[in-house]
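Anchor point for the sequence shown: position 130 equals 387 in the working numbering, and the numbering is continuous, going up by one each time.
Even for Gly, the Cβ is constructed at its ideal location relative to N, Cα and C.
No experiment lies behind these values; they were computed from the predicted model shown.
Working notes, structure below.
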Amino acid sequence: MAGDQDGTGRDGTGPGGTDPGGPEFGGTGDGAPAERTDAAARTDAVPAVSIRGLRKEFGQQVAVAGIDLEIPAGQFVGLVGPNGAGKTTTLSMVTGLLRPDSGTVRIAGHDVWQDPVAVKSRIGVLPEGLRLFERLSGRELLTYMGALRGLPDAEVERRTSQLLHVLDLAGAQSKLVIDYSTGMRKKIGLAAALLHNPEVLFLDEPFEGVDPVSAQTIRGVLERYTGSGATVVFSSHVMELVESLCDWVAVLATGRIRAHGTLAEVRGDAGSLQEAFLELVGARAGTSATAGDSLDWLGGDAR
Ligand SMILES: Nc1ncnc2c1ncn2[C@@H]1O[C@H](COP(=O)(O)OP(=O)(O)OP(=O)(O)O)[C@@H](O)[C@H]1O
């Protein structure tokens, strides 16, 4: 019910005893905590993501119809919407992977298209349909990504070992990525996205195809990461997951933002986020019954 949570969507105890015990998410990772304090103070004032008039069409299809949204820093943010709502298109534009037709995006105050280097050093991305360097092993992939990010070798080695351990990939570290399962790919992709300790992490359906144990592990890592002041923005269709994880939610439908704010604000008087979501996206009453009638050939009675 509305108001039964403290708005954090988290109980503060962390996930089922998972103790990442290592990667200094949210810190500088280079032994400079004072810098991080300054950074945290800065991001208090500056939104993690600021979107203005964002629009994208594919031919006749308006995928994103002019979005304005400010995502506060230090939050666990869920971007939810039905199939085809424009979530992936929005995330692709926000992370600089797809050029918008119009509009601007700023990450921690930096324009994604005017200042791409500043933005890319501050973000981590786990995109939909993640493409990885398939012929590298998991460890080699992280080592390579660390080098691309310009991290010192010893630091890459340290972070890689810790991430592999925490994400339960240590046993598969020498296996080629092409031989990884769907869930393992998500986890190594997440490790690659976290390696440089970004300020804002964007995840497109991070829990899709992930078993409950791995989901809990990923959850633990992300909760630890946001707990230190970083921001996670993730897309999902799974309302229960969003409700249990997120501080802040934006609901997208037909390329437009239908609601945004804290979980309690978006849920309003509805019994659950799922109910609020169905109201917001205009789910048609009786849809399932109608579908049932039109499928009169389906099922045992029709044989
Ligand atoms: N490259 C493309 N070419 C043509 N149409 C596209 C392209 N990418 C997305 N679209 C269309 O834009 C709309 C938004 O798609 P998008 O993938 O952003 O939605 P989504 O909310 O991520 O959906 P889902 O939850 O099903 O992944 C859809 O109608 C889709 O068909």
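| Asked | Found |
| --- | --- |
| V470 classed as buried or exposed, judged by whether at least 16 other C-beta atoms fall within 10 angstroms | exposed |
| Cβ contact (3+ pairs, closer than 8 Å) linking the stretch 475-495 and the stretch 453-464 | yes |
| Exposure of V374, with buried meaning 16 or more beta-carbon neighbours within 10 Å | exposed |
| A527: CB within 6 Å of a non-hydrogen atom of ligand 1 | no |
| From P304, L326, P357 and A305, residue whose alpha carbon lies closest to that of A320 | P357 |
| Boundaries (first-last residue) of the beta strand (DSSP E) holding R363 | S359 to I364 |
| Beta-carbon contacts of D558 that lie in its chain and below 8 Å, excluding the five residues immediately before and after | none |
| G539 - DSSP class collapsed to helix/strand/coil | coil |
| Secondary structure of A404, DSSP reduced to three states | helix |
| Q318 CB to nearest heavy atom of ligand 1 below 6 Å | yes |
| Length of the line joining the Cα atoms of L405 and G338 | 34 Å |
| Closer than 6 Å: G338 CB and nearest ligand 1 heavy atom | yes |
| E292 burial status per 10 Å Cβ neighbour count (16 or more: buried) | Interpretation of E292 is limited by its pLDDT of 43, a score under 50 that renders its predicted location unreliable; the figure taken from the coordinates is listed afterwards. The residue in question, E292, is exposed, as its Cβ has fewer than 16 Cβ neighbours within 10 Å. |
| Whole-number beta carbon distance between F464 and V495, since they are thought to touch under 8 Å | 7 Å |
| Outcome for D410 when other beta-carbon atoms lying within 10 angstroms are tallied against a minimum of 16 | exposed |
| Residue nearest to G323 in terms of C-alpha spacing, selected from I514, T519 and G528 | I514 |
| Check: K344 C-beta below 6 Å from any heavy atom of ligand 1 | yes |
| Check: A341 C-beta below 6 Å from any heavy atom of ligand 1 | In the sequence as presented, Ala is not what sits at residue 341; that position holds Gly. Checking the Cβ of G341 against ligand 1 gives yes. |
| Span of the beta strand (DSSP E), counted from its first residue to its last, around S378 | Premise fails: S378 lies in the alpha helix (DSSP H), P373 to R379, not in any beta strand (DSSP E). |
| Pair within 7 Å by beta-carbon distance, V499 and G335 | yes |
| Any non-hydrogen atom of ligand 1 closer than 6 Å to F565 Cβ | The displayed coordinates of the chain run from 258 to 560. Any statement about residue 565 would go beyond what the structure contains. |
| DSSP three-state assignment for T519, whether helix, strand or coil | strand |
| Burial state of Q332, where buried means 16 or more other Cβ atoms lie within 10 Å | buried |
| C-beta atoms of V306 and I380 nearer than 7 Å | no |
| Length of the line joining the Cα atoms of T352 and Q371 | 13 Å |
| Neighbourhood of W505 by C-beta, 8 Å cutoff - its chain only, sequence neighbours within 5 removed | I328, P329, Q332, F333, V334, G335, H517, G518, T519 and L520 |
| Neighbourhood of S431 by C-beta distance below 6 Å, restricted to the same chain and skipping five residues each side | S394 |
| Exposure label - F315; buried when at least 16 CB within 10 Å | exposed |
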